[in-house]
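If you count the sequence shown from 1, you need to add 1 to reach the working numbering. Just so it is clear, CB atoms sit at the ideal spot from N, CA and C, and this is done for glycine as well.
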Amino acid sequence: MLRRNRRPVCYTFRVFAAPQVRLLFVEAANGVLYAHGCLLNFGRASGIGLMPLSTPVSRRALRHSRVIDVQAYLRDDGLWDIDARITDIKSYDATLASGPRPAGAPLHDLHLRITVDRELTIVEAEAASDAVPYPGFCDTIGPAYRALIGLNLLKNFRRDLKQRLAGIAGCTHLTELAQVLPTATVQAFAGDVWSTRDGANADLSHEKPFQLDKCHALRTDGGAVAQYYPRWVAKA
């Protein structure tokens with residue numbers, strides 16, 4: 002089972018040679034700290050040439066924050082656990098049909114864990130709901146997410162997910178959370194399960210690096226591949 006009511010730990014850490022980059026946390030009325038999601042002053046602190054969004058054209062006040070967090074764990078038995086969490090938090094006291102929610106208390110705090118093999122086939126799945134807008138109703142849907150077992154994250158996963166768990170067959174937010182699992186798991190496998198062949202030895206293998214032609218930056222007729230993977234440049 003998923004561990005419930007886990008208390009998050011606040012970390013400060015350095016990015017490259019930058020000063021400390023802080024994580025923002027919110028303390029709910031019950032005294033539990035909830036990660037509120039954003040790196041503060043990352044661009045200015047790091048000085049690594051990020052491209053921030055434009056300056057807002059008007060003064061504004063934070064009203065709602067949604068945070069999605071995914072952690073990937075390699076297990077002793079060779080399988081991988083992918084733990085995903087979604088939270089929705091209001092910055093003001095909100096009144097729901099089921100009762101009031103104080104500012105900083107999550108309206109949603111939902112967890113989804115899948116276990117995958119090295120081929121990205123789901124062999125186990127479970128869900129849990131720590132905070133929901135309709136207690137006693139929303140939080141009964143967890144067992145339905147065992148329907149993910151047998152799906153493969155690289156083979157029509159989002160299509161099959163919607164066929165099995167869309168609408169009243171599932172929870173809107175858990176199903177939305179599940180949609181990030183393919184790319185998050187691929188990122189976890191890259192450089193660990195799958196060699197990306199980055200750097201000086203990128204061209205030693207006879208097998209094309211899996212990430213090429215998967216996004217606009219790594220198109221094989223583009224400049225990034227010409228610079229970093231010259232062997233795999235598409236010839237005119």
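query	result
Keeping to the same chain, check which residues put their C-beta closer than 7 Å to that of Q79; ignore five residues upstream and five downstream.	Reading the sequence as shown, one finds Gly at residue 79 and not Gln. Here the set comprises nothing.
With three or more beta-carbon pairs closer than 8 Å as the criterion, would you say the region 98-110 touches the region 118-127?	no
Classify D94: buried if its beta carbon has 16 or more other beta carbons within 10 angstroms, exposed otherwise.	exposed
Please report the straight-line C-alpha distance between D193 and V58, rounded to a whole angstrom.	43 Å
How big is the Cα-Cα spacing for V133 and T173?	12 Å
According to DSSP, what are the bridge partners of D161?	In DSSP, D161 forms no bridge with anything.
Beta-carbon within less than 7 Å of A104's beta-carbon, same chain only, minus the 5 sequence neighbours each way: which residues are those?	K91, S92, Y93, D94
Looking at the strands, I want to know which residues DSSP matches up with W81.	L75, V117
If you drop the 5 nearest sequence neighbours on each side, which residues of the same chain put their C-beta closer than 6 Å to that of L162?	A179
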